[in-house]
Every structure is written in C-alpha cells, then in structure tokens.
Amino acid sequence: MASLVRSAKSGSDWGRHELLAYGITVSPIPPEDFFQHDDPPLTSLDPALLYSSLDLDDANMSDDTYRFIASLELATNTSQETAIDDFARELLRVVGFEERGSILRTRHSIPLTICTPFSMRKGENNAAAQAGVYRGSHRSVPIHNEKRKRMGLPTLSTMTIPCITMVGTRPTFYLVPVTRELSDAVICGKWPQVETKVFMYVTVADGHRRMSEGMEAPEYRWVALQRMIAFKALAKRHWEKLSTEIQLV
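Quick note, the sequence shown lines up with residues 4 to 252 if you use this note's numbering.
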C-alpha cells in the first residue's frame, strides 16, 4: 500500500483509495462492544414520536413531535441531500445533542491540508461515507490543537473523534482514532508506519432486513433512537477530558 498514489484532492473527493493509501481500515463491531453500555430507556421521548406513522394529519401530535415526523417524512420521500441534513439536525435535537452553550449546524467549512492546502466548499457531497468520516476527523484535530495552544494547553498526540453518518435515515456510528503521525502523513502525502483502525457500528433492528427502509419504520426508529442516545453518552466520554481542561483555564 505504500506505493499507492497520494495526490492533493478536495476533501469531497476522498474515497476508498485514500483510506487504503493512508493505512486506514474500518472494522464493524457489535453494539455491546461499541457502546460498552446497556441500551438506554426512551422514557424521556414522546411515545407518539416512537410509534407514529408518517401521518401529518394527527391533530393530537405535539408541535415538537410534528416537526420531527415532518422532517422524517420529507427525508424519506425525497432524493435531496438537504432534506437528509435537516432531518439529521432534528434527530440530534430530539435526543438531546443541542445543549445550552452549543448549536446544531448542517454546514461548517474546515480546511483539509494534503500535500497542498485545499478548502472544502459548503454543500459538497462525500465521495464515500467512510472516507468522509476520517477526512472530517483528520481536519478537526489540528483545529482543536491550535485552540489548545492559544489557551496555553499542551497539544494532544492522539485523539478519538466520535462520528455519525446518515445514509438516508439510517445512522451509522464511528470511533476514529487520529494520531499526530497519521495527521502529518496526510498533510505530507506519505505512507504512515502504523495502521489506523476505525471502529464502526451499523444500526440494525432485529428482524428488520429491508436495507432500503430507515426510521420511517417504527421498529427501526426505536433502535436508532436508542443508539443515538447511547452515542451521545459515548461521545461525551471521549470529549470530557478536553472539555474539562479548557474549562479550567
């Protein structure tokens, strides 16, 4: 793999070739190994949000549940990427990712440096979901380290970045380790000495075998919402040390 060409590309053009070129593998693992926690209860969510069909004429539906179901219905019945983005933001809001002091956004441009600097333009599609996961993680590490340096904190040589991708309305979860060595290898277009293993969990529901269906199916929606809440806790654990250090400054 060391002989693979590593050319400068826009971030949106990354694909399987770039994963191979930088020694990055993606390993699916079961939920108990990925989340390392029992499935959380969904008692905090409106039962109508869990069980409702995509019927927007239900007058008894709360405004928040209506907004979620309407976003889900649009994302299910359109090919527009922006509808998936809008639903992803609504999904994150429903399970509690938008806490005080944070705001959910569907677009944020971050520079990708590989051999020569490039910036990803807003609205570009990922060439492949898995490549997009690593690409975004790699770009975020230097930004976080620059922030730490400005605050007088030591930079980190290793970071694990929690990520989610949406294919339609089906979420997939990743834990992406990014080392300084690998980040430098991407910037310089060189073969890294150590393989990087990304862990992935693909959301599946027992007995639900239609890969074309997503959260419009209530049985799949239940499992996906459980996984989203579990991932929120997992992501917090990975960012806790960094957040605590920044707050102490």
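For every residue, glycine included, the Cβ atom is placed at its ideal position computed from N, Cα and C.
Computed from a prediction, not measured in an experiment: that's the story for all the values here.
query: Report the residue ranges of all beta strand (DSSP E) runs contained in full by the region 142-207; include only those spanning at least 3 residues, in chain order.; result: 161-170, 173-182, 199-205
query: Given that a residue counts as buried once 16 or more other Cβ atoms are within 10 Å of its Cβ, and exposed if not, what is G217?; result: buried
query: Among the residues of its own chain, which have a CB less than 6 Å from the CB of E198, if the five just before and after it don't count?; result: G26
query: Figure out for me which residue from R240, P145, G99 has the closest Cα to the Cα of V189.; result: P145
query: Per DSSP, what are the beta-bridge partners of I232 in this structure?; result: Its beta-bridge partners do not exist; DSSP assigns none.
query: Which partner residues does T28 have in the DSSP bridge list?; result: K200
query: Candidates L228, A236, H241, R240: which alpha carbon is nearest L45's?; result: L228
query: With the cut-off set at 8 Å, would you say A233 and F38 are in Cβ contact?; result: yes
query: Along the alpha helix (DSSP H) that carries I87, what are the first and last residues, could you check?; result: 84-97
query: From which residue to which residue does the alpha helix (DSSP H) around A51 run?; result: 50-54
query: Do V205 and V179 have their beta-carbon atoms positioned less than 8 Å apart in this structure?; result: no
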